[in-house]
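Each remark here refers to the structure printed beneath this line.
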Amino acid sequence: MATKNSMFQCPVEAALSLLGGKYKCIILWHLLERTHRYSELQRVIPQATPKMLTQQLRELEDAGVIERKVYPVVPPKTEYSLTEFGLTLSPIIESMCDWGKTYMGDRIAPKDCNS
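FYI, full-length UniProt numbering numbers position 4 of the sequence shown as 4, with every residue one higher than the one before it.
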């Protein structure tokens, strides 16, 4: 992941420095729907190992895209939601969803992007 002071060769490189990552866009797609607990994200992204999911969430949090809220309860409760900055990515994620349905629809599980 790029540092805050990184210089990019083009806008696409800049966007990918933020969104690039095996599960980042999938995480954002789910968080566009609503706030999720860590365990819920694990359930809806079963292919992500706990280590990888945690890493991707940390990178998104460090970039200011998502917010992590920890509740002082036992057992621990942690929720993730999009920040105002993260919400600006909504058109990108929705466009990716539309493109996927149009051009890759026959290879997508029945879950719709709007559900």
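A virtual CB, placed ideally from N, CA and C, is assigned to each residue, including glycine.
{"Item": "Nearest-angstrom Cα separation, counted from Ile-66 out to Gly-86", "Value": "6 Å"}
{"Item": "Separation of Lys-77 from Thr-102, as counted between CA atoms", "Value": "38 Å"}
{"Item": "Three-state secondary structure assigned by DSSP to Val-70", "Value": "strand"}
{"Item": "Rounded C-alpha distance that separates Cys-10 from Lys-22", "Value": "21 Å"}
{"Item": "Cβ shell of Glu-84 (< 8 Å), same chain only, five flanking positions each side left out", "Value": "none"}
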